[in-house]
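Beneath this line is the structure, given in structure tokens, with notes to follow.
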Amino acid sequence: MKRKFLFITACWLISMIILILSASKNSYNIDGSFKVSINRIQQSLTTDLEKNIQLINALNKEELPLINRIEIIDYRHKTYDESNRFFNVGTIKNETVVFKPIEGTNYIVKYSIENNPHETNYAFLWCVMILTGAYFTFMIHILMLNKNIIKPMNKLSSITKQMARGYLGEVTLQYKNKDLKDFIWGLDMLRVQLSYEREKKVELEKQRRTLVAGLSHDIRTPLSSVKNYVIALKEELYDSREDKNNAFQIILDKVEVIEKLTKELLESSSKDINHIEVIPKETYMFEIKNRLNRIIHQKTDLLHMDYFEGELDENLMVLVDFERLQEVFDNLVENAIKYGDLKSIKVSYSTEDNHQLIEIHNTGTSIPKKEVKYIFNSYYRGSNVNDKPGCGLGLYISKQIMRNMQGDIYTKNTETGVSFVIVIKQA
1 MKRKFLFITA CWLISMIILI LSASKNSYNI DGSFKVSINR IQQSLTTDLE KNIQLINALN
61 KEELPLINRI EIIDYRHKTY DESNRFFNVG TIKNETVVFK PIEGTNYIVK YSIENNPHET
121 NYAFLWCVMI LTGAYFTFMI HILMLNKNII KPMNKLSSIT KQMARGYLGE VTLQYKNKDL
181 KDFIWGLDML RVQLSYEREK KVELEKQRRT LVAGLSHDIR TPLSSVKNYV IALKEELYDS
241 REDKNNAFQI ILDKVEVIEK LTKELLESSS KDINHIEVIP KETYMFEIKN RLNRIIHQKT
301 DLLHMDYFEG ELDENLMVLV DFERLQEVFD NLVENAIKYG DLKSIKVSYS TEDNHQLIEI
361 HNTGTSIPKK EVKYIFNSYY RGSNVNDKPG CGLGLYISKQ IMRNMQGDIY TKNTETGVSF
421 VIVIKQA
């Protein structure tokens with residue numbers, strides 16, 4: 001900024017010097033002009049006084065540049081300096097007075113010349129005023145620009161650099177300029193958003209680590225059981241066929257648990273569970289009902305649980321991603337078995353506002369009222385989990401899948417247990 005001030009000041013000073021020199025040159029030219037006129041008049045004068053008077057009176061304005069008046073004076077009656085009798089110059093008020101003798105006579109001619117013509121003075125003054133006004137106007141503009149824009153932007157740029165390095169402290173700058181206020185407000189909003197994203201990232205990383213540790217523990221427990229039963233079978237510790245079948249069944253159950261936990265781990269490793277890809281297609285409810293029946297029978301037949309299969313009032317066509325819907329069924333049936341009393345599961349079907357509802361009910365303990373609104377949150381596990389394996393992602397993922405299919409899922413307590421209701425959009 002100092003360099004700009006010095007450069008502008010130097011330009012103004014140079015302009016003033018050029019203007020003054022130009023005015024001086026113009027004055028010099030004027031001086032030369034009136035001297036030439038005086039000499040020309042003097043050469044025309046004679047010793048005849050009457051002729052000289054007539055000659056002077058006959059001169060017009062064009063022949064008398066800058067000469068206001070001419071007088072012939074008898075110097076015998078005036079004080080006159082003999083040493084300057086050939087050419088004398090004096091100044092009276094605003095006029096320059098030049099005395100020239102008429103050779104061979106007792107008379108001298110007095111020429112009165114205007115010192116500074118009004119036109120020249122006004123032009124010079126106008127130029128000085130315009131240049132000086134422009135100089136000060138520009139300087140004031142530069143100072144205001146420096147105060148209101150450049151200095152604030154320098155401070156703001158330092159804040160953005162700090163934010164880039166990770167500092168997300170509060171922006172405390174205050175300015176009257178509306179544009180700067182808006183910019184600072186936006187910068188502060190960016191800081192708040194970055195701070196939120198950082199905290200969210202830290203929390204997600206913490207949750208991921210907790211998830212991995214929890215799943216590792218959950219997988220280790222059934223894996224240890226599988227290992228023990230395999231060793232027992234290898235060492236032929238079981239004699240009867242029934243004991244061996246029971247061992248194989250336990251191994252199969254534990255493998256299914258491991259498979260389920262592994263699936264949850266893979267799902268949770270996705271960068272954004274909220275954007276699970278679904279490809280809805282038109283599907284008849286009869287196909288969905290058959291798929292749900294197979295999934296439930298696979299679970300309940302081994303556990304000797306009662307399964308009450310509901311009937312469809314109408315074979316409607318719905319919009320679903322069939323494979324993703326099966327994931328939802330797996331999660332809900334698994335939860336019904338894991339947290340129910342292992343007595344029975346019941347499925348019922350109904351329609352409401354162009355949607356198909358599928359209700360999966362299991363007998364057992366109901367969900368505490370204060371926990372109902374949290375069970376679809378990621379990583380949330382209720383107070384009734386005890387030592388049951390899981391990481392709290394199954395219901396959360398199921399909720400996201402159904403929403404991405406323009407449907408929904410919710411839960412409700414009943415007199416005999418808990419129901420999960422799947423809402424599917426009709427085609």
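Sequential numbering of the sequence shown, starting at 1, is according to the numbering used here. C-beta: ideal position from N, C-alpha, C; glycine also. None of these values were measured; they are calculated from a predicted model.
* Contact set for tyrosine 238: own chain, Cβ-Cβ below 7 Å, skip 5 residues either direction -> Residue 238 sits at position 238 when you count from the first residue of the sequence shown. The residues are Ala232, Lys244 and Ala247.
* threonine 132 CB to nearest chain B CB: under 9 Å? -> In the structure shown, chain B does not exist; there is a single protein chain.
* From the DSSP output, read off the bridge partner residues of threonine 363. => Numbered from its first residue, the sequence shown carries residue 363 at position 363. Paired residues: Gly417.
* **Inter-stretch contact at 8 Å, needing at least 3 Cβ pairs: the segment 355-365 / the segment 403-421** => yes
* To do: Compare the Cα-Cα distances from isoleucine 250 to each of Lys263, Val226, Ile149 and Lys234 and report the closest residue.
  => Your numbering for residue 250 matches position 250 in the sequence shown. Checked all of Lys263, Val226, Ile149 and Lys234; the closest Cα to isoleucine 250 is Val226.
* Asked: What three-state label does DSSP hand threonine 137 in the structure shown?
  -> As a first step, residue 137 must be located in the sequence shown, where it is residue number 137. Looking at threonine 137 - three-state DSSP - the assignment turns out to be helix.
* Tell me which same chain residues have a C-beta within less than 8 Å of the C-beta of tryptophan 185, skipping the five on either side of it? -> In the sequence shown, residue 185 corresponds to position 185, counting from 1. Nothing listed; no residue qualifies.
* To do: Keeping to the same chain, check which residues put their C-beta closer than 6 Å to that of arginine 209; ignore five residues upstream and five downstream.
  => Taking the first residue of the sequence shown as position 1, residue 209 is located at position 209. Correct list: empty, nothing qualifies.
* Asked: Out of curiosity, what's the CA-to-CA distance linking threonine 414 and lysine 346?
  -> To locate residue 414, count along the sequence shown from 1; it is residue 414. To locate residue 346, count along the sequence shown from 1; it is residue 346. The alpha-carbon atoms of threonine 414 and lysine 346 are separated by roughly 12 Å.
* For glutamate 309, which residues of its own chain have a beta-carbon under 7 Å away from its beta-carbon, when the five flanking residues on both sides are left out? -> Within the sequence shown, the letter at position 309 stands for residue 309. Excluding positions up to five away in sequence, the list reads Asn293 and Val347.
* With distances taken between CB atoms, is the gap from isoleucine 102 to threonine 47 smaller than 9 Å? -> Numbered from 1 along the sequence shown, position 102 holds the residue referred to as residue 102. Numbered from 1 along the sequence shown, position 47 holds the residue referred to as residue 47. Cβ distance < 9 Å, so isoleucine 102 and threonine 47 count as in contact.
* To do: Starting from tyrosine 399, follow the alpha helix (DSSP H) in both directions and report where the run begins and ends.
  => Taking the sequence shown and counting its residues from 1, one reaches residue 399 at position 399. It should be pointed out that residue 399 corresponds to lysine in this sequence rather than to tyrosine. Note, lysine 399: alpha helix (DSSP H), 394-404.
* Asked: Per DSSP, which one or two residues make a beta bridge with tyrosine 374?
  -> Your numbering for residue 374 matches position 374 in the sequence shown. Note: tyrosine 374 sits in no beta bridge, so no partner.
* To do: Can you grab the Cα-Cα spacing for the pair lysine 281 / valine 318, in whole Å?
  => On the sequence shown, position 281 is the one that residue 281 refers to. On the sequence shown, position 318 is the one that residue 318 refers to. Between lysine 281 and valine 318, the C-alpha separation is close to 8 Å.
* **Collapsed DSSP secondary structure at methionine 285 in the structure displayed** => Translated into the one-based positions of the sequence shown, residue 285 becomes position 285. In the structure shown, methionine 285 sits in a helix (DSSP, three-state: H, G or I).
* **From Thr283, Met305 and Ala336, residue whose alpha carbon lies closest to that of asparagine 315** => In the sequence shown, counting from the first residue as 1, residue 315 sits at position 315. For asparagine 315, the nearest C-alpha among the options comes from Thr283.
* Quick one: what's got a C-beta closer than 8 Å to asparagine 84's C-beta in the same chain, skipping five residues either side? -> Position 84 of the sequence shown, counted from the start, is the residue given in the question as residue 84. The predicted model places asparagine 84 with a pLDDT of 39, which falls under 50 and marks its position as unreliable; any figure quoted below should be read in that light. Hits under 8 Å: Phe99.
* Asked: In its own chain, which residues sit with a C-beta less than 6 Å from the C-beta of lysine 254, not counting the 5 before and 5 after it?
  -> Within the sequence shown, residue 254 is the residue found at index 254, counting from 1. Cβ neighbours of lysine 254 beyond the five flanking positions: Pro222, Ser225 and Val226.
* **Residue burial classification, threonine 132 (beta-carbon count within 10 angstroms, cutoff 16)** => Position 132 of the sequence shown, counting from 1, holds the residue named residue 132. The residue in question, threonine 132, is exposed, as its Cβ has fewer than 16 Cβ neighbours within 10 Å.
* Report the rounded CA-to-CA distance for asparagine 335 versus glutamate 259, giving the unit in angstroms. => Taking the sequence shown and counting its residues from 1, one reaches residue 335 at position 335. Taking the sequence shown and counting its residues from 1, one reaches residue 259 at position 259. Rounded to the nearest angstrom, the two C-alpha atoms are 15 Å apart.
* Can you name the residues that DSSP bridges to tyrosine 229? -> Sequence index remark: in the sequence shown, residue 229 carries index 229 (1-based). In the DSSP output, where bridge partners are listed per residue, tyrosine 229 has none listed.
* Bridge partners of histidine 355, per DSSP? -> Counted from its first residue, the sequence shown places residue 355 at position 355. DSSP lists Glu352 and Lys425 as partners of histidine 355.
* Cβ-based burial, arginine 241 [other Cβ within 10 Å; buried from 16] -> Residue 241 sits at position 241 when you count from the first residue of the sequence shown. Looking at its Cβ environment, which holds fewer than 16 other Cβ atoms inside 10 Å, arginine 241 is exposed.
* Asked: Does the beta-carbon of phenylalanine 7 have 16 or more other beta-carbons within 10 angstroms, so that it is buried, or is it exposed?
  -> Along the sequence shown, read from residue 1 onward, the residue named residue 7 stands at position 7. Label assigned to phenylalanine 7: exposed.
* To do: Could you pull out every residue in the same chain whose Cβ sits closer than 8 Å to the Cβ of isoleucine 295, ignoring the five residues on either side in sequence?
  => Translated into the one-based positions of the sequence shown, residue 295 becomes position 295. Same-chain partners within the cutoff: Gln326, Phe329, Asp330 and Val333.
* Asked: Cβ of isoleucine 67 versus every heavy atom of the ligand FMN: is any distance shorter than 8 Å?
  -> Among the ligands in the structure shown, none appear at all, so the ligand FMN cannot be discussed.
* Asked: According to DSSP, what are the bridge partners of tyrosine 307?
  -> What you label residue 307 is simply residue 307 of the sequence shown in a count that begins at 1. In the DSSP output, where bridge partners are listed per residue, tyrosine 307 has Ile345.
* Quick one: Cα of alanine 427 to Cα of tyrosine 410, how far? -> To locate residue 427, count along the sequence shown from 1; it is residue 427. To locate residue 410, count along the sequence shown from 1; it is residue 410. Using only the alpha carbons, I get a separation of about 21 Å.
* **Residue environment, isoleucine 14, which counts as buried when at least 16 other CB atoms sit within 10 Å** => The residue you call residue 14 lines up with position 14 of the sequence shown. Its Cβ having fewer than 16 others within 10 Å, isoleucine 14 is exposed.
* Asked: Hey, would you say isoleucine 67 sits closer than 9 Å to tyrosine 135, going by beta carbons?
  -> Locating residue 67 in the sequence shown gives position 67, where the first residue counts as 1. Locating residue 135 in the sequence shown gives position 135, where the first residue counts as 1. No.
* Asked: Leaving out five residues before and five after lysine 343 in sequence, what residues of the same chain have Cβ atoms less than 6 Å from its Cβ?
  -> Walking along the sequence shown from the start, residue 343 turns up at place 343. Excluding residues within five positions, the ones whose Cβ falls inside 6 Å are Thr363.
* To do: Please state whether DSSP places asparagine 68 in a helix, a strand or coil.
  => Taking the sequence shown and counting its residues from 1, one reaches residue 68 at position 68. Asparagine 68: strand per DSSP, three-state reduction.
* Can the beta-carbon of isoleucine 422 be found less than 9 Å from the beta-carbon of glycine 407? -> The residue given as residue 422 occupies position 422 in the sequence shown. The residue given as residue 407 occupies position 407 in the sequence shown. Closer than 9 Å, so yes.
* Could you check what DSSP says for aspartate 321 in three-state terms: helix, strand or coil? => Walking along the sequence shown from the start, residue 321 turns up at place 321. Coil.
* Using beta-carbon positions only, say whether arginine 324 and asparagine 377 come within less than 9 Å of one another. => Within the sequence shown, the letter at position 324 stands for residue 324. Within the sequence shown, the letter at position 377 stands for residue 377. Cβ distance not < 9 Å, so arginine 324 and asparagine 377 don't count as in contact.
* Asked: Nearest to alanine 164 by alpha carbon, out of Asp182, Leu194 and Phe138?
  -> As a first step, residue 164 must be located in the sequence shown, where it is residue number 164. The residue with the shortest Cα to Cα distance from alanine 164 is Leu194.
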